[in-house]
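Visitor: Before I ask anything, let me first share the structure, which is written out below as structure tokens.
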Amino acid sequence: MKTALITGASRGLGRALARDLARDGWHLVIDARDPTALAAAADDISSGGSSGGTGGNDGGNVRAIAGDVTDPAHRADLVRAVEGGLDLLVNNASTLGPTPMYRLAALPVTDLADTFATNVLAPLALIQDVLPSLRERRGAILNITSDAAVENYETWGGYGSSKAALEQLSNVLAAEEPDVAVWWADPGEMNTDMLRAAGEDADSAPPPEEAAAALRRLVTDRLPSGRYRASALAGAQ
Ligand SMILES: NC(=O)c1ccc[n+]([C@@H]2O[C@H](COP(=O)([O-])OP(=O)(O)OC[C@H]3O[C@@H](n4cnc5c(N)ncnc54)[C@H](OP(=O)(O)O)[C@@H]3O)[C@@H](O)[C@H]2O)c1
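So this is what it looks like as structure tokens:
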């Protein structure tokens with residue numbers, strides 16, 4: 001059975017992707033900071049997604065470990081949970097930084113450091129820890145980024161620069177690790193807590209299940225390392 005580690009899977013895109021992989025028979029290790037929400041999500045994922053999915057998984061094996069990806073002790077717990085072997089790491093957990101979001105002229109640099117700790121340093125630390133296993137099993141890494149990494153939306157400079165850093169880190173990693181598929185992907189706008197917290201009209205955005213279904217193709221078709229957009233992947237089906 002293939003094993004995936006998905007960060008930030010208690011809601012939104014992470015949970016939707018976890019549901020899809022569980023239905024495909026993957027063993028999953030998932031995290032999020034709020035243990036209650038994470039436990040509820042684990043039940044939902046292992047039962048095939050009664051809240052929004054199509055159901056019908058084969059009793060997916062889900063291990064939930066609550067914690068913050070910026071905490072080295074928590075990351076060590078995650079790595080221990082996959083020491084039997086890992087086939088896919090999804091760095092999905094992310095922060096916008098302080099909301100309402102600041103223009104760069106006023107953005108406190110200590111807050112930006114926290115944003116980079118979650119969105120860049122923690123993903124890289126997890127990658128470093130699981131790379132030996134991924135190399136051995138010819139596994140894959142999916143780093144979730146954003147169009148804010150490449151567009152110049154006002155007030156999105158802190159979050160966007162962290163996602164740009166994650167993109168370039170992924171780009172170099174893809175060149176350095178020929179035995180591992182490295183994908184960095186913009187899921188597009190989704191109706192989630194994050195988009196709502198950004199002050200956007202989340203209700204008119206598509207549900208995260210649509211982006212998850214598109215991103216699943218990276219895994220099922222083992223597409224080459226590179227940058228992807230969920231909308232383009234969905235359109236190409
Ligand atoms: N929503 C959009 O429109 C949009 C657009 C472009 C890109 N994205 C990207 O898509 C990904 C998923 O976003 P989403 O909209 O699904 O977000 P979301 O609904 O806010 O879910 C975020 C998940 O990550 C967890 N999380 C946050 N910080 C964490 C931390 N430090 N350690 C561990 N878990 C943490 C959250 O649970 P806890 O809070 O309990 O920790 C939750 O499970 C993110 O990388 C985001 O940047 C989103």
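In UniProt numbering, the protein residues as written are 1 to 237. The beta-carbon is built from N, C-alpha and C at its ideal position, and this holds for glycine as well.
Can you determine whether any heavy atom of ligand 1 sits closer than 8 Å to the C-beta of I45, and answer yes or no?
Guide: Checking every heavy atom of ligand 1 against the Cβ of I45, none is found closer than 8 Å.
Visitor: Please name the residue, chosen from L104, H27, L13, D31, that lies closest to A76 on a Cα-to-Cα basis.
Guide: Comparing Cα positions, the closest option is D31.
Visitor: Does the count of Cβ pairs from the stretch 109-117 and the stretch 138-153 closer than 8 Å reach three?
Guide: The answer is no - the stretch 138-153 does not touch the stretch 109-117, with fewer than three Cβ pairs under 8 Å.
Visitor: Within its chain, find whatever has a CB closer than 6 Å to the CB of F116; leave out the 5 residues flanking it on each side and keep chain order.
Guide: Closer than 6 Å at the Cβ level, and outside the excluded window around F116, lie S162.
Visitor: Which class does V172 belong to by DSSP, given the choice of helix, strand or coil?
Guide: Here V172 sits in helix by DSSP.
Visitor: Should L195 be counted as a contact of ligand 1 given a C-beta to heavy atom distance under 8 Å?
Guide: L195 Cβ: within cutoff of ligand 1.
Visitor: Check whether the stretch 211-222 and the stretch 171-186 touch, using three or more Cβ-Cβ pairs below 8 Å as the test.
Guide: Touching, per the Cβ criterion.
Visitor: On a CA-only basis, which of S46, L38, D20 is nearest G67? Give me that one, please.
Guide: Ranking the options by Cα distance to G67, first place goes to L38.
Visitor: Taking 8 Å as the cut-off, is the C-beta of E167 nearer than that to any heavy atom in ligand 3?
Guide: Ligands present in the displayed structure are limited to ligand 1, and ligand 3 is not among them.
Visitor: Using DSSP with H/G/I as helix, E/B as strand and the rest coil, what is N91?
Guide: Of the three classes helix, strand and coil, the one that applies to N91 here is strand, per DSSP.
Visitor: Report the start-end ranges of each alpha helix (DSSP H) in the stretch 13-86 that is 4 residues or longer and not cut off at the edges.
Guide: Runs of the alpha helix (DSSP H) inside the stretch 13-86: 35-46, 72-81.
Visitor: Quick one: Cα of T36 to Cα of L104, how far?
Guide: Their Cα atoms are separated by approximately 35 Å.
Visitor: Count the other CB atoms, across all protein chains shown, that sit within 10 Å of the CB of S94; report buried if there are 16 or more and exposed otherwise.
Guide: Under this definition S94 is a buried residue.
Visitor: Flag this pair as yes or no: are the beta carbons of G14 and T7 separated by less than 9 Å?
Guide: For G14 and T7, yes; Cβs fall inside 9 Å.
Visitor: Compute the beta-carbon to beta-carbon distance between T70 and T118, rounded to the nearest angstrom, for a pair I have assumed lies under 8 Å.
Guide: Confirmed, about 6 Å.
Visitor: If you count every other CB in all the chains shown that lies within 10 Å of the CB of P187, and 16 or more means buried, which is it?
Guide: The residue is buried, with at least 16 neighbouring Cβ atoms inside 10 Å.
Visitor: Hey, how far is the Cα of M1 from the Cα of A148?
Guide: Between M1 and A148, the C-alpha separation is close to 36 Å.
Visitor: Note the first and the last residue of the continuous alpha helix (DSSP H) segment covering G235.
Guide: From DSSP, the alpha helix (DSSP H) with G235 extends over 230-235.
Visitor: Hey, is N92 close to ligand 1, as in C-beta under 8 Å from one of its heavy atoms?
Guide: For ligand 1, at least one heavy atom lies less than 8 Å from the Cβ of N92.
Visitor: Could you compute how far the alpha carbon of P207 sits from the alpha carbon of N92?
Guide: Looking at the two C-alpha atoms, the distance is approximately 16 Å.
Visitor: Thinking just about the alpha-carbon of each residue, which of G85, I45, V90, D34 is nearest to the one in I65?
Guide: It is D34.
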